[in-house]
Amino acid sequence: MATGWDPRAATDPEGGEWLPVLDIPPAARQRRWTVLLRWLLLLPQFVVVCLLSIAAFFVTIVGWFAALFTGRLPEGIFSFLGSVLVYRTRVGVSSMLLVDRYPPFAFSAPDHPVQIELRATPLNRLAVFFRLILMIPAGIINNLAQAGWFAIGWIFWLIGIVLGRLPAPVFAATAAVARYQMRFTAYATMLTPAYPKRLFGDEPAPREAVRSGTRPLLLDTTAKVLVVLFLLLGVGGHIVSGVVDYGDDEKNDRTAPAAASAG
Numbered sequence: 005m006a007t008g009w010d011p012r013a014a015t016d017p018e019g020g021e022w023l024p025v026l027d028i029p030p031a032a033r034q035r036r037w038t039v040l041l042r043w044l045l046l047l048p049q050f051v052v053v054c055l056l057s058i059a060a061f062f063v064t065i066v067g068w069f070a071a072l073f074t075g076r077l078p079e080g081i082f083s084f085l086g087s088v089l090v091y092r093t094r095v096g097v098s099s100m101l102l103v104d105r106y107p108p109f110a111f112s113a114p115d116h117p118v119q120i121e122l123r124a125t126p127l128n129r130l131a132v133f134f135r136l137i138l139m140i141p142a143g144i145i146n147n148l149a150q151a152g153w154f155a156i157g158w159i160f161w162l163i164g165i166v167l168g169r170l171p172a173p174v175f176a177a178t179a180a181v182a183r184y185q186m187r188f189t190a191y192a193t194m195l196t197p198a199y200p201k202r203l204f205g206d207e208p209a210p211r212e213a214v215r216s217g218t219r220p221l222l223l224d225t226t227a228k229v230l231v232v233l234f235l236l237l238g239v240g241g242h243i244v245s246g247v248v249d250y251g252d253d254e255k256n257d258r259t260a261p262a263a264a265s266a267g
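In terms of our numbering, the sequence shown opens at residue 5 and continues consecutively.
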């Protein structure tokens with residue numbers, strides 16, 4: 005069992021659907037030099053994440069067949085995929101400038117500030133069978149939000165270098181995108197039956213229920229506007245990419261006959 009996530013009951017204490025939780029400390033000061041070199045420093049981690057993702061892909065296929073027949077992931081598969089998810093999440097959160105501490109090269113890191121909480125639960129076989137179709141809407145939202153964030157992430161990088169921290173709305177909006185990606189991956193790999201949701205944050209909770217800077221994750225108006233901006237930029241990027249690709253194809257179609265005639 006991997007330290008950094010916690011399999012428990014299927015529902016929360018109030019009896020509602022349990023969504024995977026991402027715990028990140030509140031926005032704090034970061035060392036400017038680590039912000040400056042963040043993506044360069046994370047290059048070895050990106051290689052590890054790539055290799056783990058390849059392994060997780062094949063393990064997920066095996067898990068899909070197992071869940072289809074048994075209604076749940078085998079313990080070993082759940083443990084491995086959960087471990088990969090927490091590893092990827094730590095690297096992703098660091099790359100998005102949410103924490104200053106370097107992610108460890110290990111699955112188990114109980115003292116690291118970034119943790120996720122999963123709960124091993126029974127799965128609906130019909131939902132497992134149609135998982136690839138069911139995950140398409142959430143996958144589109146996740147892709148747009150990620151693309152939009154990375155389109156202006158360099159601005160947040162500059163802000164982090166100048167201020168030595170991310171402003172609260174930027175931190176909250178970025179954490180919302182990171183959490184949604186974690187929940188989408190957990191759903192796609194059948195670590196949870198809960199569909200990804202709450203991209204725009206949670207409802208306020210009593211002070212005694214606050215566990216971290218993202219539990220609950222509260223977005224003010226500025227942060228919600230930023231999330232909408234991420235989505236719009238993601239849509240715009242795909243439109244521009246489609247237009248460029250279409251223009252290139254059209255140009256190739258025009259030049260091909262001319263080249264054939266010249267030949």
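Don't be surprised by glycine CBs; every beta carbon is placed ideally from N, CA and C.
Item: Segments assigned alpha helix (DSSP H), at least 4 residues, entirely inside the segment 82-169; Value: 129-133, 135-138 and 140-167
Item: Reduced DSSP category for Val66 - H, G, I as helix; E, B as strand; rest coil; Value: helix
Item: Inter-stretch contact (C-beta, 8 Å, three-pair minimum) for the segment 103-117 and the segment 126-144; Value: no
Item: Rounded distance between the beta-carbons of Gly67 and Leu89, thought under 8 Å; Value: Going by Cβ atoms, the distance from Leu89 to Gly67 rounds to 13 Å, so no, they are not a contact pair.
Item: Cutoff 6 Å; reference Lys201; Cβ partners in own chain excluding five residues on either side; Value: none
Item: Test: Leu46 CB closer than 8 Å to a CB of chain D; Value: The structure shown contains no chain D, having only a single protein chain.
Item: CA nearest to the CA of Gly75, picked from Ala59, Phe133, Leu46 and Leu41; Value: Phe133
Item: Nearest-angstrom Cα separation, counted from Leu138 out to Phe188; Value: 11 Å
Item: Contact check, Leu47 vs Tyr91, beta carbons under 8 Å; Value: no
Item: Range covered by the alpha helix (DSSP H) that runs through Val25; Value: Careful: Val25 lies outside any alpha helix (DSSP H), inside the beta strand (DSSP E) at Val25 to Asp27.
Item: Spatial neighbours of Thr64 in its chain, beta-carbon cut-off 6 Å, leaving aside the 5 residues before and after; Value: Thr193
Item: Burial state of Thr15 (16 or more Cβ within 10 Å); Value: Note on Thr15: pLDDT 47, under 50, position unreliable in the model; no value is reported.
Item: Straight-line gap, Ala213 to Glu121 (C-alpha atoms, nearest Å); Value: 15 Å
Item: Assigned secondary structure, Arg211 (DSSP; H/G/I helix, E/B strand, else coil); Value: helix
Item: Straight-line Cα distance separating Val229 from Arg219; Value: 20 Å
Item: CB contact flag (Ala180, Leu237, <8 Å); Value: no
Item: Neighbour-count burial assignment, Trp22, 16 or more Cβ in a 10 Å radius; Value: buried
Item: Alpha carbon of Ala198 to alpha carbon of Ala182, nearest angstrom; Value: 17 Å
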